[in-house]
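In what follows, a structure is listed as structure tokens, so that the remarks can point back to it.
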Amino acid sequence: MFSTLPIPIIQAPMAGGVSTPELAAAVSNAGGLGFLAGGYKTAEAMRKEIHELRTLTDRPFGVNVFVPGDKTVDEEAVERYRVALAAEAERFGASVGEPKWDDDDWEAKFDVLLEERVPVVSFTFGCPDKEVIAALQKAGSFVMVTVTSREEACMAAEAGANALCVQGEEAGGHRASFGNDPKKDETLALFPLLAQVRTAVRIPLVAAGGIMDGRGIAAALKAGASAVQLGTAFLRCPESGAHPLHKQALADPRFAETAVTRAFTGRPARGLVNRFMAEYRAMAPAAYPHVHHMTKPLRAAAAKAGDPEGMSLWAGTGYRLVRELPAAELVEELKRELAEAWRE
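Given below as structure tokens:
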């Protein structure tokens, strides 16, 4: 699969409206692999985006979906967090959302992926059963599973995945860990993790986490990756669906660092440190998607009020290197930088 790409760059699937059909098409048309994010939308909304993307490109593309997690949570901890969030709701004249579990329309999305014969399908938050992967492969899909440890890599390879996306701790947005146990929150940086996974499995690897330029791409390829996945690098592209306040925050000196938090969704995710993260980080329970549903109206109200301090500003550790360029131009720049790095 990756050997057919003119340039081994994959645009990360960023849920929440960031990964638009326009962004995915621009990357695919430029020689990379564009991705749609199936998370946080219905199966039919995902199908609509697939159809729209196909009107914009005849190149291969991917679709990412979330694997449903455990329904069991500490209900008392969730209730304590709901009470704490009441002050945030009052700040914006909003209401805390209902904490609830859902499977993100999992079964229906699987049916859509089969029916649409999506070229590349990737999974986050877990590894589907062998039967699910085999069915997608029979329909013509190349299947990739995102992993954050050697153990997860072995599980995904055993399940029949064609490739693995190896996500280091530098990555922006959600960690793709199969579980949500706070006792297992420690993750490795990309290159040590890539080395561990490379010795454990014999399928192609995609490196993800903190890669922002051609030098980073070259380093990952030299370390054994067949391709790289970049997310934060594409956030300020005009085709990106990131909120304008999010795009501005990436270049705003007051947002001086990133950190990993459960405050917004109940799962570990890396973003720019802002007021919300600082105030609620310590008390957020490991409860996904319950916390996501609770904070969703609060985040929306903050965005409407023009206050980035109350929004989830997902970003990887390399965010200061983000460039405000059309996606196709960015891919060309990365391609040029990669060529220079190979010559050094």
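Residue numbers (our numbering): 719 to 1062.
Virtual Cβ for every residue (Gly too), placed ideally from N, Cα, C.
Which residues in the same chain as residue i place their Cβ atom closer than 8 Å to its Cβ, once the five residues preceding and following it in sequence are excluded?
{"i": "E1058", "result": "G932"}
{"i": "L882", "result": "M862, V863, T864, V865, A871, A874, A875, V915, V919, I921, P922, L923, V924"}
{"i": "V850", "result": "F828"}
{"i": "S859", "result": "L831, R835, V836, P837, V838, V839"}
{"i": "P1044", "result": "A744, C955, P956, E957"}
{"i": "E1050", "result": "A748"}
{"i": "A894", "result": "T842, F843, T864, V865, T866, C883, Q885"}
{"i": "H1008", "result": "V791, V796, P817, K818, W819, G984"}
Sorted by chain position, which residues of the same chain lie with C-beta nearer than 7 Å to residue i's C-beta, five sequence neighbours on each side aside?
{"i": "A852", "result": "G878"}
{"i": "L968", "result": "L953, R954, A1033, Y1037, V1040"}
What are the partner residues of residue i, as DSSP defines its beta bridges?
{"i": "Q885", "result": "A926"}
{"i": "Q947", "result": "I728, A926"}
{"i": "T842", "result": "F784"}
{"i": "W1032", "result": "G989"}
{"i": "A1045", "result": "Note: A1045 sits in no beta bridge, so no partner."}
{"i": "A755", "result": "N782"}
{"i": "G815", "result": "Answer is none; G815 lacks a bridge partner."}
Taking all protein chains shown into account, do 16 or more other C-beta atoms lie within 10 angstroms of the C-beta of residue i, making it buried, or fewer, making it exposed?
{"i": "E797", "result": "exposed"}
{"i": "G734", "result": "buried"}
{"i": "A730", "result": "buried"}
{"i": "S721", "result": "exposed"}
{"i": "G811", "result": "exposed"}
{"i": "R972", "result": "exposed"}
{"i": "E957", "result": "buried"}
{"i": "E793", "result": "exposed"}
{"i": "V801", "result": "exposed"}
{"i": "P817", "result": "buried"}
{"i": "K759", "result": "buried"}
{"i": "G910", "result": "Looking at the sequence provided, one finds Pro at residue 910 rather than Gly. Per the 10 Å Cβ criterion, exposed."}
For a cutoff of 8 Å on Cβ pairs, would you count residue i as touching chain C?
{"i": "P956", "result": "This model lacks chain C altogether; it includes just one protein chain."}
Ordered along the chain, which non-local residues of its own chain (more than five positions away) have a Cβ less than 6 Å from that of residue i?
{"i": "A977", "result": "V991"}
{"i": "H964", "result": "L1031"}
{"i": "L832", "result": "A857"}
{"i": "P1026", "result": "L963, A967"}
{"i": "A981", "result": "M995, Y998, R999, A1002"}
{"i": "P726", "result": "F720, A945"}
{"i": "K1053", "result": "I725"}
- At a cut of 8 Å, does the region 834–846 reach the region 784–797 through at least three beta carbon pairs? Enough Cβ pairs lie closer than 8 Å, so yes.
- Message: Report the start-end ranges of each beta strand (DSSP E) in the region 769–813 that is 3 residues or longer and not cut off at the edges.
- Response: Taking 3 residues as the shortest admissible run, the region 769–813 contains the following complete beta strand (DSSP E) segments, listed from N- to C-terminal end: 779–784.
- Just list the beta strand (DSSP E) runs in the region 965–1013, keeping only unbroken ones of 3 residues or longer that don't cross its boundaries, in chain order. The region 965–1013 contains these whole beta strand (DSSP E) runs: 976–979, 987–990.
- Query: How do the region 923–937 and the region 881–892 stand: do at least 3 beta-carbon pairs fall below 8 Å, yes or no?
  - Reply: At 8 Å Cβ cutoff, the stretches touch.
- So, do the region 869–883 and the region 821–832 have three or more beta carbon pairs nearer to each other than 8 Å? The region 869–883 vs the region 821–832: no contact.
- Task: State whether the region 766–780 contacts the region 742–754, with contact taken as three or more CB pairs (one from each stretch) at a distance under 8 Å.
- Result: With the cut-off at 8 Å, the region 766–780 and the region 742–754 touch.
- Is the number of C-beta pairs between the region 983–992 and the region 1026–1034 that are closer than 8 Å three or more? With a cut-off of 8 Å, the region 1026–1034 and the region 983–992 count as touching, because enough Cβ pairs lie within range.
- Message: Measuring CB atoms only, is the region 991–1006 touching the region 898–917, in the sense that at least three cross pairs come out at less than 8 Å?
- Response: Touching, per the Cβ criterion.
- Item | Whole runs of the alpha helix (DSSP H) within the region 847–888, excluding any shorter than 4 residues | List check, alpha helix (DSSP H) in window: 848–856, 868–876.
- Segment contact flag, the region 746–764 with the region 797–807, C-beta cutoff 8 Å, min 3 pairs: Verdict: no, contact absent.
- Query: How do the region 854–868 and the region 828–843 stand: do at least 3 beta-carbon pairs fall below 8 Å, yes or no?
  - Reply: Touching, yes.
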